[in-house]
Structure formats: structure tokens, C-alpha cells
Amino acid sequence: MTSSFPGLGAPSFGFLQSTAWRAALALLVVFVMLAMTGWTAVRGSKDDANPLASARSAWEHASFRGHRLPTADSAPGALAAFFRKLSRADRATLADRYPLVVGNMGGAPVDLRYQANKLALRQAGELERKRMHDRRLTPVGRQEASRLMHRFESMRGPGRQILAFDPAGGGRAAEVFGDLRQARHVSVVVPGVDTNLATFERTARATSAPAGMAKSLYDAERSVRDSDSRTAVIAWADYTAPAGLGVGAATGQLAEAGAVRLNALVRALPKAASVALMCHSYGSVVCGVAAHRLPSSVTDIAVAGSPGMRAETAAGLGTGARVWAMRNPDDWIQDVPYMEVGGLGHGADPVTAAFGSRVLSAAGAEGHAGYFVPGTESLRNFAKIGVGAVSSVDCAAQDRECSADLA
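Counting from 1, one number per residue, gives the positions in the sequence shown under UniProt numbering.
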């Protein structure tokens with residue numbers, strides 16, 4: 001048998017002719033080709049100390065008003081009860097003393113988290129400002145410090161509501177648009193590869209970055225006709241995403257860790273709000289892995305440009321939430337093999353009839369990063385799902401009945 005891949009001779013072992021081995025070989029070759037053609041963007045990570053871990057250690061060993069503080073990873077309900085017992089002044093004292101801890105604490109009052117993260121961002125910015133002039137760093141290192149310093153200044157600007165912030169390594173963050181305390185509907189935007197503090201927001205092509213995606217969705221939700229409900233949108237870049245389309249993006253290890261964090265976020269949201277997850281690219285892998293653990297408050301999981309959700313069918317996700325999928329015709333993600341072999345790949349294509357999701361129109365979206373651009377059907381569909389107007393979504397041509405059974 002002659003190999004179908006350039007540079008590979010005929011296999012010398014019979015087992016290579018099995019479907020599984022040929023699929024694995026095809027998948028491996030595709031990811032090698034991605035790397036060789038410049039689709040990867042692998043970066044070296046900084047070997048920085050972990051300030052959040054250090055801050056949590058200090059919190060765990062501290063006392064306040066003669067009492068031990070609760071553990072930082074206590075259940076949100078327990079932490080909420082702890083903060084309710086404190087005066088406003090005492091809350092502010094803890095936020096000032098332990099900004100990274102309080103700013104990332106599910107169960108702490110959201111306004112207190114915003115306040116704490118502004119302080120944490122200021123402290124992180126001051127550190128990066130010093131690094132800008134540290135001659136021990138390479139010119140590239142000083143340039144990175146300058147970029148981060150300006151990013152932190154932007155994130156603590158007027159009106160910004162930073163729900164989570166961790167400067168370690170590439171960094172993680174989450175930002176809220178709208179009033180999270182009063183929201184009846186909360187949408188969580190889960191982005192994909194190369195998500196970190198440096199890419200959290202962009203000036204050019206703003207809607208290709210997490211903050212821009214969420215802001216665009218929030219504006220669209222507020223403009224949905226007949227929708228007067230209170231909404232909030234979270235740009236959730238609070239997990240460690242793969243760096244480029246290398247092995248990390250082809251496997252589920254980072255998605256597993258991200259799913260734990262996503263589940264923790266959802267369980268700390270206001271109990272009265274319904275939650276919709278808007279998952280893009282590798283973010284859909286995170287949502288797929290998290291699906292079976294999510295609480296009943298999650299009513300919808302909508303994915304765009306998905307490489308797979310690590311399941312063969314929507315039913316296999318093990319969730320009671322409605323599952324929606326969309327992909328525009330010129331999104332390169334369609335060329336990724338939709339299979340999972342030996343840990344490589346993420347399973348079936350969510351927009352196929354066999355998968356069983358409700359397939360939405362993505363008309364107007366261009367490329368892999370165009371789903372949140374104003375004026376696109378993809379954004380309007382996300383917005384309608386986000387505010388609960390699911391019966392008025394625009395279905396894809398291959399699934400005209402995607403909303404037929406919805407009131």
C-alpha cells in the first residue's frame with residue numbers, strides 16, 4: 001500500500017491499516033502541518049512567582065478581629081455568609097489587605113471584588129513599570145513589561161468591572177458588562193486559544209478578543225427587540241488556554257482544568273439568574289467537558305467555530321441545557337479532523353445532524369474570529385439566546401427547525 005502522505009513510505013506493519021491507526025496518523029499529520037505552516041503561536045512562559053498563591057497562603061495563616069479567616073476556596077455560600085457578617089469598613093479592610101484573594105473569591109460581593117481587583121491591577125502595573133527599566137531583562141522582556149503595564153492601566157480604568165485577575169504566567173482575568181447583582185440573564189463568553197492578559201482586549205479587531213466579544217454581546221442583548229430583561233455578560237478569560245494550535249490545543253488537558261474553573265464561576269453567580277454559555281473555538285471544548293457538571297441554572301450552551309466538544313453527540317454531553325452550534329462557511333476550523341484518537345482531537349463536529357445540536361445561522365460572520373462582529377446573524381443569535389428569546393433565533397439552512405419546539 002502506498003502512503004497518502006508526502007514523505008511517508010509504505011507502512012511495514014499490518015496494524016497501520018486499521019481505521020484507528022490511519023485516523024491517528026491523519027490527525028497527527030494535520031497538526032504537524034499546522035505547526036509548519038505558521039498557524040501556531042507558541043510562546044515561552046515567564047517563570048514568575050505566583051502572587052495569587054502567595055496571597056492565599058498569607059490569607060490562610062491570618063486572623064481578623066481575633067478570628068481565623070475562612071479558607072479561600074470555601075463554597076460560595078459560606079464565603080457570602082462570612083462577608084454578610086462584616087461591616088462595610090471591615091470588608092474594605094480585607095480587600096485592601098488581600099486584594100488578589102478577595103478579587104478572585106467566589107462568594108465575595110461583586111462590588112468588593114471589583115474594588116479589590118482595581119488595587120491588584122495597580123500593584124501589578126507598578127511592578128511591570130519597574131520591570132520596564134530593569135536592565136537585567138532583555139529588550140523583549142522590557143517591551144513585554146511595557147505592554148502589560150499599559151494593559152493593567154486600561155483594565156482599571158473608569159467603569160471597568162474586573163471580576164477576576166491573576167497576573168501569574170500569561171495571566172487570567174474576567175470582566176463584567178452590566179449589573180451582575182441584578183441580572184436575570186447572565187451570558188458567559190468562553191474564548192479559545194491564545195487567551196491571556198496580553199490578548200484580553202484589542203483596539204484593532206476588538207471583537208476578536210474576550211473583552212470585545214463580551215462588550216459586543218452585551219450591546220446586542222440590550223438591543224434585542226421585546227427584551228426588557230436585566231442582563232449581564234462576562235468576558236471569562238479566567239482559565240489557562242492553549243498557546244497556539246499545538247499539542248495543547250489538540251488535547252483536552254487544559255480544557256479539563258478550565259472546566260473546573262468554569263463550573264466554579266457558574267456556581268458563584270446569582271442564584272436567581274439563568275445562565276447561557278457562549279463558547280468560541282477551544283472554549284467550546286472547555287464547555288463540552290464542563291457540561292455534565294454544570295448546575296441547572298445553565299439553560300443554554302452555544303458554540304461557534306468549534307473543533308469538537310469531546311463528545312460524539314449532544315446527548316453525550318450529559319447536560320439538560322439546550323445545545324446550539326454555528327459555523328460560517330469560510331472558518332478554517334472546518335478543516336480540523338473531527339475525531340478523537342489516543343487523546344488527540346475533540347470528537348464529532350457539533351454542526352452535523354448526527355451530533356444533534358440545534359444549528360444556528362452565522363450569516364455575515366467571516367473567518368474564525370468573526371462571530372461577535374456587530375451586524376452578523378451569529379451575534380444576533382447569541383444575543384437572543386442570552387436574553388432567553390430562543391424561539392426567535394435564526395436557524396441554519398440545514399436545520400430550519402432548530403427552534404420549532406421552543407415557546
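C-beta: ideal position from N, C-alpha, C; glycine also.
Since the model is a prediction, treat every value here as computed from it, not as a measurement.
Check	Outcome
Counted within 10 angstroms of its Cβ, other Cβ atoms place residue 415 as buried (16 or more) or exposed	The shown model of the chain, from 1 to 407, leaves out residue 415, and the question about it has no answer.
Range of the contiguous beta strand (DSSP E) that encloses residue 175	172-178
Candidates 57, 97 and 105, of which the one nearest residue 75 by Cα	105
Residue 174 versus 168, 157, 181 and 200, residue with shortest Cα-Cα distance	200
Backbone secondary structure at residue 375 - three-state DSSP	coil
Exposure of residue 31, with buried meaning 16 or more beta-carbon neighbours within 10 Å	For residue 31, the pLDDT reaches just 49, beneath the cut-off of 50, and the residue's location in the model is therefore unreliable, although a value from the coordinates is still provided. Classification of residue 31: buried, given that the 10 Å Cβ count is 16 or more.
Pair within 7 Å by beta-carbon distance, residue 255 and residue 285	yes
Beta-bridge pairing of residue 291 - partner residues as DSSP gives them	For residue 291, which the question treats as bridged, DSSP gives no partner whatsoever.
Span separating the alpha-carbon of residue 406 from that of residue 288	23 Å
Residue 133 in three-state terms, based on DSSP	coil
Cα-Cα separation, residue 307 to residue 213	19 Å
Residue 101 beta carbon less than 7 Å from that of residue 164	no
7 Å CB neighbourhood of residue 312 in its chain, flanking five on each side removed	347 and 348
Test item: CB-CB of residue 209 and residue 379 under 7 Å	no
Complete alpha helix (DSSP H) runs within the region 91-148 (minimum length 4 residues, chain order)	99-103 and 110-131
Own chain residues within Cβ distance below 6 Å of residue 148, not counting five before or after	128
Sheet register partners of residue 279 (DSSP bridge)	190 and 303
Sub-7 Å separation of residue 185 and residue 229 beta-carbons	yes
Cross-strand partners of residue 402 (DSSP beta bridge)	Answer is none; residue 402 lacks a bridge partner.
Sequence-distant residues of its chain with Cβ nearer than 8 Å to residue 261 (five each side left out)	238 and 239
Under the three-state DSSP convention, the category residue 319 falls into	coil
Endpoints, the beta strand (DSSP E) within which residue 236 is located	231-237
Nonlocal neighbours in the same chain, by C-beta distance under 7 Å from residue 315, ignoring five residues either side	356
Per DSSP, the bridge partner or partners of residue 162	175
8 Å contact criterion, which residue 241 and residue 179 should meet: CB distance rounded	The Cβ separation is near 28 Å, so there is no contact.
Where residue 266 falls: helix, strand or coil (DSSP)	helix
Reference residue 113; option with closest CA among 86, 162 and 142	162
Those residues which DSSP pairs with residue 64 across a bridge	67
Closer than 6 Å: residue 269 CB and nearest the ligand NAD heavy atom	Absence of the ligand NAD from the depicted structure is noted, as is the absence of any ligand whatsoever, leaving it without description.
Span separating the alpha-carbon of residue 390 from that of residue 189	17 Å
For residue 429, three-class secondary structure by DSSP	The question about residue 429 has no answer, for the chain in this structure spans 1 to 407.
Where residue 86 sits in the DSSP three-state scheme	coil
Per DSSP, cross-strand counterpart(s) of residue 324	302 and 358
Residues of its chain near residue 295, where Cβ-Cβ distance is below 7 Å and the 5 sequence neighbours each way are ignored	266 and 267
Inter-residue spacing [alpha-carbon to alpha-carbon] between residue 145 and residue 123	13 Å
Cα-Cα separation between residue 362 and residue 134, rounded to whole angstroms	48 Å
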